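Residue numbers (this note's numbering), protein chains in the order written: chain W, 515 to 846; chain P, 515 to 846; chain S, 515 to 846; chain Y, 515 to 846.
All residues carry an ideal CB built from backbone N, CA and C; glycine is no exception.
Because the structure is a prediction, the values reported are computed rather than measured.
Protein chains: 4
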Amino acid sequence: MVEKYSIRTDLALEQKERFESDQVEVQGVVLTEEVDEEREIKVTTVKIETENGAKVMKKPVGTYITMEAPNMAVPDEDYHREISAELKKFLAGIMKGDQEDYSVLVVGLGNRKVTPDALGPYVVDNLNITRHIVKEYGKYAMGEEHVRLVSAIVPGVMGQTGMETVEIIRGIVNETNPDLIIAIDALAARSSKRLNRTIQIADTGINPGSGVGNHRNAITEETVGVPVLAIGVPTVVDAATIVNDTMENFLAALETSESLKGVGVVMQGYSAAEKYELVKELISPHLNGLFVTPKDIDETVKRISYTISEALNMLFSGSDSQDSASGTALRN
Amino acid sequence: MVEKYSIRTDLALEQKERFESDQVEVQGVVLTEEVDEEREIKVTTVKIETENGAKVMKKPVGTYITMEAPNMAVPDEDYHREISAELKKFLAGIMKGDQEDYSVLVVGLGNRKVTPDALGPYVVDNLNITRHIVKEYGKYAMGEEHVRLVSAIVPGVMGQTGMETVEIIRGIVNETNPDLIIAIDALAARSSKRLNRTIQIADTGINPGSGVGNHRNAITEETVGVPVLAIGVPTVVDAATIVNDTMENFLAALETSESLKGVGVVMQGYSAAEKYELVKELISPHLNGLFVTPKDIDETVKRISYTISEALNMLFSGSDSQDSASGTALRN
Amino acid sequence: MVEKYSIRTDLALEQKERFESDQVEVQGVVLTEEVDEEREIKVTTVKIETENGAKVMKKPVGTYITMEAPNMAVPDEDYHREISAELKKFLAGIMKGDQEDYSVLVVGLGNRKVTPDALGPYVVDNLNITRHIVKEYGKYAMGEEHVRLVSAIVPGVMGQTGMETVEIIRGIVNETNPDLIIAIDALAARSSKRLNRTIQIADTGINPGSGVGNHRNAITEETVGVPVLAIGVPTVVDAATIVNDTMENFLAALETSESLKGVGVVMQGYSAAEKYELVKELISPHLNGLFVTPKDIDETVKRISYTISEALNMLFSGSDSQDSASGTALRN
Amino acid sequence: MVEKYSIRTDLALEQKERFESDQVEVQGVVLTEEVDEEREIKVTTVKIETENGAKVMKKPVGTYITMEAPNMAVPDEDYHREISAELKKFLAGIMKGDQEDYSVLVVGLGNRKVTPDALGPYVVDNLNITRHIVKEYGKYAMGEEHVRLVSAIVPGVMGQTGMETVEIIRGIVNETNPDLIIAIDALAARSSKRLNRTIQIADTGINPGSGVGNHRNAITEETVGVPVLAIGVPTVVDAATIVNDTMENFLAALETSESLKGVGVVMQGYSAAEKYELVKELISPHLNGLFVTPKDIDETVKRISYTISEALNMLFSGSDSQDSASGTALRN
C-alpha cells in the first residue's frame, strides 16, 4: 500500500476513519460506538488487537476510548460535571488497582507557556495531591476511605530542560515507584471540528509524535516500567494538515464537478499517491513547525483542564458522587 | 475592480505587494525601500497619501514603516540590540515632542493568556515607568536630562473586560492627558515567512481588524483625541489565509504545468474572481476563528517584546547609547 | 486622646476592637453581631453613623460587614459554596439596582505578580463577563432572566502604570457609565489570626492606606461618581504591626508578672503613649515596606478568589441556587 | 552552651556573626573578608573546616561565599552586569570540570506561585539550555568553543508534587548523569537588611531548613550522588525572627537604659537562656508559617533572577566578556 497518509493525527479514531473513508477494512482493529443521546456524548472504542493492526494504524496494540462531546467547548459547568463523571467512569474501568496503597503519578506534559500546549500543566495545577500527606500522617489524614497516593510532576519540554521527558519520568518512577502513570497531553487532531470537543483515553501511553510539542521518545510501560494511561485532548491541528485537507476537497471536487469536467478527466489519470505528491509539492515549506488553534484557546484549555482534574480528583478519592468529589477540586 | 483580495493582512507592505504582483499601480501610495546589507535589515516605507490610496489599500492615510530582519527570530542578543537601536531611531523620527514635560501612554494591546497575542502586555512588563515618579519628585529624580513621563496600561481584551478597548483608552486619556499614545499589538500577516521577523510602525494608530484579537473599534487620534503611534509584529496568520495561499499556488501551477496541461487549459477560462470563489467554497467554514502560529512562539514573543521595550526605554530616556539605555530595561 | 494606635488595619472590626479593649465607647459607631453556629460563620456589622465616629475610627461614615469563617482557609469546597451564598446574600442586600439594564464594573485591585496582592486580579479572572454580549445580542443571549451588564478591569498598580488607580477607574467610568463599582482588594489586617479567614464588605469604597499596595487616593462615590462597594480580604499584616503586638504583650506581661515585679513597678510610671514611643524606637526602620504573609498564600488566595467570584457570578445572574450559579464560574 | 539561638538563618555569614556578637570564637571556622570599594561589593568567605565547626554552625563542612551588594536591590542594569561577572568568577573557581563534555543540571527550587520563592524557577526561565542541542548536533552547533551540556528542571514544591524534591532530583540524576548540580533557591535571612542584597554560594548543597518552602531533605552529593553547588538569595525573613530581634533590642535597651534603670537591674538577674524563654513565650504561635518580605518583591526577584541567569550563561558558554555572554541571556 502506498504510504499515503502521513497526515498527522494523535487520535486513533481519526486514523480509523481514514481507512473507512477509503472503504479499507483493517484487520486486527475493532471499533465500537455508543451514543448517549440525552447528553450528546459519543463514545468510540478502537481496539488495536494485533501487530498487523498496529502497523496499519501506526499506533501500538491497545485500547483507545474517545469521548466526543460537541458542547465541551461551551461554558456550561453542569455539563462539564457530567463529562467529568463519565470520564471518571472510563478511567476507573481501566485502572484496576484496588489495593490500599495504590499510588499514581500524574504527569502534566506540554509547555505551560504556549496556551494550547498548557493542558497537562493546568490539569496538575488543580489536582488533589495526597502522597506526601498519606506518607506522613497515614491515609486517615485524608478523611476518606479509599485514598490513593497521588503525586504529580510538570516536567516541561525539551527546549526548557535539555532532557527527553522520558528521562525525567523514568528517573522519578525509579525513585518513587508509582503503580500507575496517568499522562495528560494536548494532542494534534486531523480535523479542526474535533478541537476541544474530544477526550481520548489510551492504555498504551504516550507515543512519539503526540501533542503540540512532539515528544520524540515514547512514555510507555516499556520505557518507564509501569503502565501508562494517557489522557489527551486535541487542541491544535498541524498547519500542513489543514491545507492538505482543503486540497483533497479540491481534488475531489475536480473529479466530480460538472463545470470542471476537463480537469476531472485529467486528474482521473492520477493515482492517490500521485495526487498526494502533487499536493505536497504545493504546500509551503513554511508550514513546518506551524500549528492551528482557535482564538479562544485560553478559555477552552482552562475549562477542559478543570473538567479533567475534576474527573481525576473523583477517581482518586473513590468518590461516586460528583458533589463531594468536586469538593476536592481546589484542595491544592 | 473585483473585491478580490479579502485575505487579511495587517501589514501595509503586504497589501502593497499584492497589487504589485498583479502589476496594478496604486495611485496615492508611495513605496520606498532601504536595505542595510551588513545587518540584513530591510526598511520599507509605505506612504498612503490620498483618500483614494487609502480606499484601495484599505488602510488610513499615513506612514507605515516596516523593518524586516530575518534574524529577528534568532536568539542573538547583540543583533536584537541593533534592532532596538534602529527601531528607536524611527520612533524618534516620528515622535516630535521635545518639550520638557512630554508624556507618553504606552498601551499593551492583546490577551496575555494567548501566547502569540501577549506581545503588547509583555512589552509593558519591561518598560521603565516614570510618570508617577516625575509627578512626585520632579524630573531630576530620574537622574537623566530628558525624561519623558511614561505611563502604561494593559487593558485586556473584550472577552475579559466586557468593554471595547477604545472605551478604556479614551477614558484614561481624558483623565491623564498624555501627549502621545504608543500602542503595541500582535498582528496577523499574510505570509508565514514574515512571522516574528517584521516590525511595522504606523502613525495612523490601531484600526479595526488588526491583531489576533480583532479589535472592533479604531484606536486613533480621531477616537481618543491624541496621536496614536502603533508598533506591531505579525505573530499569526489567519488559517483561511494559509489555505488560500496554497490554493492559489496550486491554481498557478495548474495553468503552467506541463503534466497538467489539460487542467491548465480549463482553468484559463476562469477569471481571478471566479477562481477565488472556487477556492473559497472549498475552504472549510471551520477555519473561522482559527489562527496559525509557530511552535516556539513563547520564546519568540518573549524575545521580540524585549527588543521593543528596549527601544522604548532608549527613546524615553533620550539615551543614544544602547548600553546605558539597556540599563533601564529592568527598571520596572 | 493620645494618637495612640497608628497601627494599621483595613478592617473596621479590628479598629473597633481596639477601642473596646481599652473600654472606650465610641459615639456614632454601632456594632451588631450575628453568629451562624452550624456553619461557624460570624457576621459583624460596624455602622459608622456620624462624622465623629468616622474621625475616631479613621474610616468614612458607612456600613462595614465582616464575615469571619475560620474554615475559610481550609480546602473544603462545599463550605466555600456556603460562604459564596452568604456573601452573595449580603451583596444583594446592599446592591439595590433592580432595573433591567443595571450595570456593574468590577475592579480587581492589586498586583497580580505579588501573590497576596493578587486577590483582586484573580477574582476578575473567573468572572462571568456579560456587558459586551448583552450590548451586542441583547439580554436574551444570556439565557437568564435577570441579567446584569458586567464589565471588569484589572488596572495594575502605580509602579506598573505610572498612574493613580483612581485616574484609570474614573476615566473608564466616564466612558462606560456603570451604575455601581465593586472593587476587590487584598487588605492588611492587624492580627495574623484573621488572615484569609475574613471578608469585609464596605459601602464606602476603597480608602487610602488599604491593601498591600497602599492606594494613595480614594476610590469612592465622591472620586469616581458612582457608588463603590468594596470587598476585601486581609491577606497580609504589616511587619511593624506584628512586632508591635508582641511588644505590647510583653509590656502587659511586665506589668503583671510575678517574677518581673521590679520591672512592672517601673513600667507603671509610663503612660500608654510613652510606652508606645519606647516600642517604636526599638522597631527597626527596616520593617518599613515589609509585609507578613503565610507560606501557603498561593493556595489560599486562589481558593478565596474563587469563593468571591462565585458569589459575584450568583449575584449577577440573579440565581438563588448555588448550583446553577456555580455553573457560571468558568464561563469566562 | 545553651541552645540559645534557634533563630533561623540560611546564611552561614549570619550564623557566624551571631557568635561574634557574643565574642565566642568558633573553632574550625575560618572567615575572610574582601571589599571591592569601588563597586561596593563585599565578599565574605566562611570556611567550616571541622566537624566541630559544623556542629556549632549547624551547617555542613564546606565553603560558603557571600557577596553583599547593597545596590543589588536597585534597578541599575550596568551594576547588575558587574555582579553577574563577579558571581561568574566565583562559580568558575568552584566548578572545576574542564573536560569537553562537562554537563551541569541546574535545579530551580521553590514555588513559582509564591513571589519571593520564585527565584529558582525564574533563573531557569532565562537559562541557555544546550544539552539536547549538543546531544543531537554536537558541540559545534553552539558556535562556541567551550560548551557545557546544560540541562535544567523546576521540580516544584512538595505540596504540588507529593514528592520530596530530593526524590525527583536523584531520579533525574540517575537517568542523565550530570557532572554537577547547581541548585538555585530563595533563602531566609536573619536580618531584613540583607534581603535581596546578598548572594550566597555554597559547595555543600541544599540542606534542610533552607528557603521559603523549607525542604525537609538535603540535596547534597551524599543524597544525589554528584556534587551540588547551591546559589541562594535571602528573599524572606521568618516572622518569628523579626519579632525576636526587636525583643532582643528591647532587652538590651532595658539593661543599659538610664531611664529604665530599675528594669535593667531586674533583667540582669536573667541568663541569656532565660531571657530567650521569656521572649519565646510572648511571641504569638500565629507567627508559625508566616514570612516577611518587601512589597516590591516582584521586581526584585525578577531582577536578581536575571543577574544570576546571566552569570550562569557566562559560566557555561566559557565567555569572559560580559557582552557576548549577556548575548545568551535570552537564548531560551
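Interface criterion met: the Cβ of Glu813 of chain P is under 9 Å from a Cβ in chain W. In summary, Asn691 of chain S is exposed, with fewer than 16 beta-carbon neighbours lying within 10 Å of its beta-carbon over all protein chains present. Counting along the chain, Gly746 of chain S sits inside no alpha helix (DSSP H); it lies in the beta strand (DSSP E) bounded by residues Val742 to Asp752. Within chain P, no C-beta atom comes less than 8 Å from the C-beta of Gly719 of chain S; the nearest is roughly 17 Å away. A direct Cα-Cα distance of roughly 14 Å separates Tyr651 of chain S from Ile643 of chain S.
Closer than 9 Å to the CB of Ala583 of chain W there is not a single CB belonging to chain P. In its chain, beyond the 5 residues on either side, Gly739 have a beta carbon closer than 8 Å to the beta carbon of Asn688 of chain W.
For Gln541 of chain P, there is no enclosing beta strand (DSSP E), as DSSP gives it neither H nor E. Residue burial is scored here from C-beta neighbours: Thr564 of chain P has fewer than 16 other C-beta atoms within 10 angstroms and is therefore classed as exposed. The straight-line gap separating the alpha-carbon atoms of Gly719 of chain Y and Val648 of chain Y is approximately 27 Å. Shortest Cα-Cα distance from Pro589 of chain S to any of S:Ala825, S:Ser819, S:Gly567 and S:Asn827 involves S:Ser819. Listed in chain order, the non-local C-beta contacts of Pro635 of chain S below 7 Å within the same chain comprise Gly622, Gly624, Arg626 and Val668, local neighbours out to five positions each way being set aside. For Thr712 of chain P, the enclosing beta strand (DSSP E) covers residues Thr712 to Ala716.
Sequence-distant Cβ neighbours of Val570 of chain P in its own chain, meaning closer than 6 Å and more than five residues away, are Val540. For Lys816 of chain S, the uninterrupted alpha helix (DSSP H) segment begins and ends at Ile811 to Ser831.
Looking at the backbone, the Cα of Glu678 of chain S and that of Thr629 of chain S are separated by about 21 Å. Closer than 9 Å to the CB of Met609 of chain S there is not a single CB belonging to chain P. Using a C-beta cut-off of 8 Å, the segment 692-704 of chain W makes contact with the segment 522-533 of chain W, since at least three inter-stretch Cβ pairs fall below that distance. Residues Ile597, Asn710, Arg711 and Ile818 of the same chain have their beta carbon placed closer than 7 Å to that of Met586 of chain Y, with the five preceding and five following residues left out of the count. Nearest in C-alpha terms to Thr675 of chain Y, of all of W:Ile745, W:Tyr616 and W:Asn640, is W:Asn640.
Here Arg553 of chain W is exposed: its Cβ has fewer than 16 other Cβ atoms, across all protein chains shown, within 10 Å. Leu801 of chain P reaches chain W at Ser706, Ile756, Thr760 and Val806, counting residues in chain order whose Cβ is nearer than 9 Å. The Cβ atoms of Thr577 of chain P and Asp699 of chain P do not sit closer than 9 Å to each other. Here the alpha carbons of Thr580 of chain S and Ile555 of chain S stand approximately 10 Å from one another. By alpha-carbon distance to Val543 of chain S, the top candidate from S:Val549, S:Asp752, S:Gln529 and S:Val750 is S:Gln529. The alpha-carbon of Tyr593 of chain P is positioned some 13 Å away from that of Asp550 of chain P. Scanning its chain for C-beta atoms nearer than 6 Å, with the 5 sequence neighbours on each side dropped, one finds around Arg684 of chain Y the residues Val738, in chain order.
Chain P places a beta carbon closer than 9 Å to that of Thr629 of chain W, counting this residue as a contact. Under the three-state reduction of DSSP, Ile683 of chain S is assigned to helix.
Inclusion of Ile608 of chain S and Ile715 of chain S in the CB contact set at 9 Å is warranted, their separation being smaller than that value. In chain order, Ile756 and Val806 make up the part of chain S whose C-beta sits under 7 Å from the C-beta of Ala753 of chain Y. Taking 7 Å as the upper bound on Cβ-Cβ separation, chain Y lies near residues Asn625, Lys627, Val628 and Thr629 of the segment 618-651 of chain S. Of all residues in the segment 677-696 of chain S, only Met677, Glu681, Ile682, Arg684, Gly685, Ile686, Asn688, Glu689 and Thr690 come within less than 7 Å of chain P when Cβ atoms are compared, listed by chain position. The Cβ atoms of Val680 of chain P and Asn731 of chain P sit closer than 9 Å to each other.
Residues of the segment 662-675 of chain P whose Cβ lies closer than 9 Å to any Cβ of chain S, in chain order: Leu663, Val664, Ser665, Ala666, Ile667, Val668, Pro669, Gly670, Met672, Gly673, Gln674 and Thr675. Residues of chain S whose Cβ lies closer than 7 Å to the Cβ of Lys653 of chain Y do not exist, since the nearest Cβ in that chain is about 38 Å away.
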